[in-house]
Each structure stands twice: as structure tokens, then as C-alpha cells.
Amino acid sequence: TPIQNDLTEFYNII
Amino acid sequence: MLEGKFEESSLMKKVVDAIKDSVKLCNFNCTEHGVTVQAVDDSRVLLISLLIGEASFEEYRCDRNITLGIDLESFNKIIKNGNSSDFLTLIAEDSPDNVLIIFEDKKKDRVSEYSLKLMDLDSDFLQIDDMEFDATITMPSSEFAKITRDLKTLSESLQIIVTKENVKFSSDGDFGTGNVVLKGFVDMDKPDESIKIDMARPINLTFGAKYIADIVKGTSLSESVTIKLADKSPALFEYKLPSGFLRFYLAPKFDE
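One line per chain: the protein sequences are A and B, in this order.
Everything in the first sequence is counted per this note's numbering, starting at 1 for the first residue and increasing by one.
Everything in the second sequence is counted per this note's numbering, starting at 15 for the first residue and increasing by one.
As C-alpha cells, this is what we get:
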């Protein structure tokens with residue numbers, strides 16, 4: 001089953 | 015002070031409808047150029063980026079930047095009270111505790127005025143740099159909504175595969191599988207019915223079907239939707255507004 005990624009793995013929180 | 019008057023309340027109704035199931039609380043940032051919202055859903059998988067440009071308003075003035083912290087569920091209750099064809103005016107002071115929402119019927123002398131309490135919201139802001147995408151699909155928004163709804167009945171995941179010739183939406187569930195394949199074509203009479211596929215590199219990405227089902231709640235905002243995809247990266251789904259856009263950034267699923 002594919003695992004759902006989190007957006008913060010791609011984008012920085014500012 | 016903010017004073018923004020829409021020719022019709024329908025645009026704001028559609029915007030709130032499109033985002034209220036993804037995020038509950040969000041800041042509406044008002045500047046001289048218009049209103050922007052950036053908000054992430056609780057699971058941090060889906061990000062909403064909204065721009066209602068100044069030109070979307072019949073009259074617009076915002077002398078200083080104003081932030082309106084809004085509970086969308088409450089806002090939706092008020093915004094539903096206006097008729098779609100009513101003028102809608104939003105008014106807020108420079109450091110507001112509430113926002114005034116005024117509906118004016120165009121034919122009758124009926125003016126309805128509501129006040130919504132604002133909230134002081136802390137929100138994470140994600141820095142999204144301009145991305146290079148490997149594939150871009152523009153298609154009728156209603157068709158994308160139907161494909162999403164249909165395939166979601168089979169599986170929690172929706173796969174989007176783009177090749178040079180076509181785009182395939184596919185789902186693989188416990189009781190069966192399904193897929194819809196679309197080829198690019200140009201409808202000269204109705205350009206919005208056209209399907210455009212631009213591909214620099216083939217794409218095969220899997221997304222949570224429930225998030226895409228939330229994204230297609232933007233369907234009423236625009237006749238067409240643009241989907242931008244890059245390998246192992248969040249996808250961008252964009253509905254254009256008369257002046258501005260509603261964008262959704264959705265993180266993909268990966269195999270372990």
C-alpha cells in the first residue's frame with residue numbers, strides 16, 4: 001500500500 | 015479599512031464551498047491588490063492557495079494590510095443567506111474584531127447586514143517556490159470531477175499516469191479496478207471542452223482519492239481545471255477565477 005506523504009516533506013514552514 | 019463589493023455574491027459562495035471541507039479556520043489576508051488565503055488541511059497533505067484579485071470586485075479599497083481570521087463554517091452559514099445575484103460587500107476596520115457582510119438585492123430595496131466575529135489565528139505558512147512541472151493537463155472541470163467521484167468508489171487511491179498520447183486516471187480496489195483514459199483534443203466551438211496534454215516526461219503518481227474529492231469541490235468556479243504534475247512532488251490543481259485563482263497543492267503517495 002502506498003504511504004501518504006506530508007507537504008512539509010517538500011516545502012519549508014516559514 | 016477594507017471595503018470590497020462584489021457584483022454578485024455567487025463568487026464568494028463558490029469559494030467558501032470549495033475550501034470549507036478542506037480547512038476550517040483560515041486567515042483572509044487583504045492588501046491593496048486583493049484577498050489571499052493560504053491554508054493547509056489538518057493532515058498537512060493538501061494546501062489551498064487562493065487569490066481573489068482586486069479586479070474580481072466591482073469596488074475595492076484596502077488602505078492597509080488587514081488580516082481576517084475566519085471560521086469558514088460560520089462564514090458559510092452567513093454567506094448562504096444572500097441570493098447569488100445580490101451585491102455582496104465586505105467591510106472591516108484596520109484592526110478588526112469582526113467583519114461586516116452586506117447583501118443588497120438588485121431589484122428590491124432590501125439590504126441584509128451580518129457581522130461575523132473574527133479569530134486570532136496562528137498559521138504555518140509554507141514556502142512554495144516556483145516549480146518545474148513534467149506534465150500539464152487542462153481539461154473540463156466537470157469531467158475531472160466525474161472521473162474522481164467514479165473512481166473513488168473503488169479505491170482510496172487514485173493514480174494519474176501521463177504519457178505522450180494520453181492521460182490515464184486509474185483506481186485499484188478490493189472488489190475491482192477502473193480506469194478512464196483521455197486523449198488530447200481541441201474543440202473549436204467550445205474551447206473549454208478541449209483537453210490539452212503537455213508532457214516533457216512521463217508521469218505516474220498516486221494520490222489520496224479523498225483529497226482529490228475535496229479538490230473537485232472547486233468545480234463550480236471554472237469551466238476548466240489545470241493539473242500540473244512532477245515526479246515525486248506535490249501536484250498543483252488550479253481553477254482560474256475571473257481575476258485570480260484557487261490552487262490546491264496535494265502531496266503524493268509513495269510506495270514504501
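Even glycine gets a Cβ: it sits at the ideal position worked out from N, Cα and C.
Can you grab the Cα-Cα spacing for the pair Gly83 of chain B / Thr220 of chain B, in whole Å?
Your numbering for residue 83 of chain B matches position 69 in the second sequence. Your numbering for residue 220 of chain B matches position 206 in the second sequence. Cα-Cα distance, rounded: 33 angstroms.
Just to check my reading of the structure: Glu237 of chain B and Asp206 of chain B have Cβ atoms closer than 8 angstroms, yes? What is that Cβ distance to the nearest angstrom?
Along the second sequence, one-based indexing puts residue 237 of chain B at 223. Along the second sequence, one-based indexing puts residue 206 of chain B at 192. That pair is a contact at about 4 angstroms.
Which residues in chain A sit within 9 angstroms of Asp138 of chain B, going by Cβ to Cβ distance?
Residue numbering aside, residue 138 of chain B sits at position 124 when the second sequence is read from its first letter. The CB of Asp138 of chain B comes closer than 9 angstroms to the CB of Thr8, Ile13, Ile14 in chain A, given here in chain order.
Is it buried or exposed, Pro216 of chain B, if we count other Cβ atoms within 10 angstroms and call 16 or more buried?
Indexing the second sequence from 1 puts residue 216 of chain B at position 202. So Pro216 of chain B ends up on the exposed side.
In chain order, what residues of the same chain have a beta carbon less than 6 angstroms from the beta carbon of Thr152 of chain B, not counting five sequence neighbours either side?
If you number the second sequence from 1, residue 152 of chain B lands on position 138. Lys210, Ser238, Thr240, listed in sequence order.
If the cut is a Cβ gap below 7 angstroms, which residues of chain A does Leu61 of chain B touch?
Taking the first residue of the second sequence as position 1, residue 61 of chain B is located at position 47. Near Leu61 of chain B (Cβ distances below 7 angstroms), the residues of chain A are Leu7.
Euclidean distance between Cα positions of Pro154 of chain B and Leu168 of chain B
The residue labelled residue 154 of chain B in the question sits at position 140 within the second sequence. The residue labelled residue 168 of chain B in the question sits at position 154 within the second sequence. Using only the alpha carbons, I get a separation of about 23 angstroms.
Measure the CB-CB distance between Ile92 of chain B and Thr103 of chain B and report whether it falls below 9 angstroms.
Taking the second sequence and counting its residues from 1, one reaches residue 92 of chain B at position 78. Taking the second sequence and counting its residues from 1, one reaches residue 103 of chain B at position 89. Between Ile92 of chain B and Thr103 of chain B, the gap from beta carbon to beta carbon reaches 9 angstroms or more.
Proximal residues of chain A, C-beta to C-beta of Arg58 of chain B below 8 angstroms:
By 1-based counting over the second sequence, the position of residue 58 of chain B is 44. Ordered by position in chain A, the residues that pass the 8 angstroms Cβ test against Arg58 of chain B are Asp6, Leu7, Thr8.
Could you give the first and the last residue of the continuous beta strand (DSSP E) run that contains Arg163 of chain B?
Within the second sequence, numbered from 1, the residue matching residue 163 of chain B stands at position 149. Careful: Arg163 of chain B lies outside any beta strand (DSSP E), inside the alpha helix (DSSP H) at 155-166.
Beta-carbon separation of Leu61 of chain B and Ile161 of chain B under 9 angstroms?
Locating residue 61 of chain B in the second sequence gives position 47, where the first residue counts as 1. Locating residue 161 of chain B in the second sequence gives position 147, where the first residue counts as 1. Cβ atoms of Leu61 of chain B and Ile161 of chain B: not closer than 9 angstroms.
Return the chain-ordered list of same chain residues with a C-beta closer than 6 angstroms to the C-beta of Leu127 of chain B, the five sequence neighbours on each side being excluded.
Residue 127 of chain B sits at position 113 when you count from the first residue of the second sequence. Rather than Leu, the amino acid found at residue 127 of chain B in this sequence is Glu. Answer for Glu127 of chain B: Ile116, listed in chain order.
Measure the C-alpha to C-alpha separation of Ser88 of chain B and Lys131 of chain B and round it to an integer number of angstroms.
Here residue 88 of chain B corresponds to residue number 74 of the second sequence, with the count starting at 1. Here residue 131 of chain B corresponds to residue number 117 of the second sequence, with the count starting at 1. Cα-Cα distance, rounded: 9 angstroms.
State the CB to CB distance for the pair Gly222 of chain B and Lys182 of chain B, rounded to an integer number of angstroms; the pair is presumed to be in contact (CB under 8 angstroms).
Position 208 of the second sequence holds residue 222 of chain B. Position 168 of the second sequence holds residue 182 of chain B. Incorrect: roughly 18 angstroms between the Cβ atoms, too far for contact.
Measure how close the beta-carbons of Leu196 of chain B and Val29 of chain B come, nearest whole angstrom, since I'm counting them as under 8 angstroms.
Indexing the second sequence from 1 puts residue 196 of chain B at position 182. Indexing the second sequence from 1 puts residue 29 of chain B at position 15. The Cβ separation is near 27 angstroms, so there is no contact.
Leaving out five residues on either side along the sequence, give the residues of the same chain with a beta carbon under 7 angstroms from the beta carbon of Lys178 of chain B.
In the second sequence, counting from the first residue as 1, residue 178 of chain B sits at position 164. Excluding residues within five positions, the ones whose Cβ falls inside 7 angstroms are Met213.
Compute the beta-carbon to beta-carbon distance between Thr50 of chain B and Leu65 of chain B, rounded to the nearest angstrom, for a pair I have assumed lies under 8 angstroms.
Here the question's residue 50 of chain B lines up with position 36 in the second sequence. Here the question's residue 65 of chain B lines up with position 51 in the second sequence. Under the criterion of beta carbons closer than 8 angstroms, Thr50 of chain B and Leu65 of chain B qualify as touching, at roughly 5 angstroms.
In chain order, each alpha helix (DSSP H) run of at least 4 residues that lies wholly inside the region 65-144 of chain B
86-93
Starting from the Cα of Gly48 of chain B, find the closest Cα among B:Lys27, B:Lys122, B:Lys19 and give me that residue.
Locating residue 48 of chain B in the second sequence gives position 34, where the first residue counts as 1. Residue nearest to Gly48 of chain B within the set B:Lys27, B:Lys122, B:Lys19 is B:Lys19 (criterion: CA-CA distance).
Kindly list the residues whose CB is nearer than 7 angstroms to the CB of Met26 of chain B, restricted to its own chain and excluding five residues on each side of it in sequence; keep chain order.
Walking along the second sequence from the start, residue 26 of chain B turns up at place 12. The beta carbon of Met26 of chain B lies closer than 7 angstroms to those of Phe20, Ile93, Leu102 in the same chain, with the five residues before and after it left out.
Starting from the C-beta of Glu72 of chain B, find all residues in its chain whose C-beta is less than 6 angstroms away, skip the five residues before and the five after it, and write them out in chain order.
Within the second sequence, residue 72 of chain B is the residue found at index 58, counting from 1. Closer than 6 angstroms at Cβ, skipping near neighbours: Lys19, Glu21.
Where Ile14 of chain A falls: helix, strand or coil (DSSP):
Within the first sequence, residue 14 of chain A is the residue found at index 14, counting from 1. Of the three classes helix, strand and coil, the one that applies to Ile14 of chain A here is coil, per DSSP.
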